[in-house]
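Chains as they are written, first to last, in my numbering: chain D, 227 to 341; chain H, 40 to 156.
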């Protein structure tokens with residue numbers, strides 16, 4: 227089974243609108259961490275936001291927020307007020323394992339922001 | 040603070056040749072990771088070092104791939120001999136500790152793009 231599933235290969239959003247990128251995960255661990263990264267065409271992975279499995283509140287970082295639904299094992303990224311510079315690949319990732327030494331990425335979602 | 044450095048940025052080789060990639064993590068970071076990212080896919084963890092010891096190399100194709108991190112600082116990843124399917128971006132990342140911290144993120148370098156002909 228896939229550890230991280232991102233079902234949207236590509237998404238379009240109008241500039242200044244909000245967009246939600248979907249992510250579901252699979253783990254039997256009680257403690258784990260969920261991450262979102264942005265990968266522009268330059269190739270470097272940029273950390274955006276983190277959610278711990280025990281965090282009761284959804285994480286927020288500026289225009290990024292994480293909609294965490296633990297029972298459904300989903301961790302969707304919400305980008306508010308999209309900007310042209312948000313056009314990139316977005317990856318959901320999970321850290322788990324006894325020493326949190328297992329790190330898994332999803333296949334990514336290509337976001338295109340239209341002017 | 041300097042980021043993760045990688046070299047070379049691009050490499051083109053023929054199949055059956057050898058190639059080596061170099062990574063210098065962020066100063067003071069104990070944990071270093073090598074990932075393989077095939078076009079259109081997410082990164083796949085190949086090997087993880089804690090200081091100069093291997094924590095996990097379960098997805099490293101050990102018949103052709105090797106990696107070392109001497110003195111617990113910079114690291115090299117080698118492929119010998121290369122196959123066509125090794126064409127990918129090889130990403131290096133580091134984190135301060137890497138163990139028992141579910142919230143610890145990784146900081147990535149720019150990657151090395153390898154094309155095997």
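Even for Gly, the Cβ is constructed at its ideal location relative to N, Cα and C.
Check: CB-CB under 7 angstroms to residue 330/D, same chain, minus the five flanking residues each way: which ones, in chain order?; Outcome: 229, 230, 319, 320
Check: For residue 120/H, would you say it is in contact with chain D, using Cβ-to-Cβ distances shorter than 7 angstroms as the test?; Outcome: no
Check: Could you give the uninterrupted runs of the beta strand (DSSP E) lying entirely in the segment 307–337 of chain D, keeping only those of 3 residues or more?; Outcome: 314–322, 328–331
Check: Using a C-beta to C-beta distance shorter than 7 angstroms, which residues of chain H count as neighbours of residue 317/D?; Outcome: 81
Check: Are the C-beta of residue 94/H and some C-beta of chain D separated by less than 7 angstroms?; Outcome: yes
Check: Is the CB of residue 149/H under 7 angstroms away from at least one CB in chain D?; Outcome: yes
Check: Using a threshold of 6 angstroms, is the CB atom of residue 305/D nearer than that to any non-hydrogen atom of the ligand PLP?; Outcome: Ligands displayed in this structure: none; no statement on the ligand PLP is therefore possible.
Check: Do residue 315/D and residue 328/D have their C-beta atoms within less than 7 angstroms of each other?; Outcome: no
Check: To the nearest angstrom, how far is it from the Cα of residue 132/H to the Cα of residue 255/D?; Outcome: 24 angstroms
Check: Which residues, in order along the segment 236–253 of chain D, keep a beta-carbon less than 8 angstroms from a beta-carbon of chain H?; Outcome: none
Check: Thinking residue 161/H and residue 273/D are a contact (beta carbons under 8 angstroms), I'd like their distance in whole angstroms, please.; Outcome: There is no way to answer for residue 161/H, as the model of chain H reaches only from 40 to 156.
Check: How is residue 78/H classed by DSSP in three states: helix, strand or coil?; Outcome: coil
Check: Which one of 324/D, 312/D, 246/D, 283/D has the shortest CA to CA distance from residue 253/D?; Outcome: 324/D
Check: Going by DSSP in three states, residue 259/D sits in which element: helix, strand or coil?; Outcome: strand
Check: Under the rule that 16 or more other beta-carbon atoms within 10 Å means buried, what is residue 108/H, buried or exposed?; Outcome: buried
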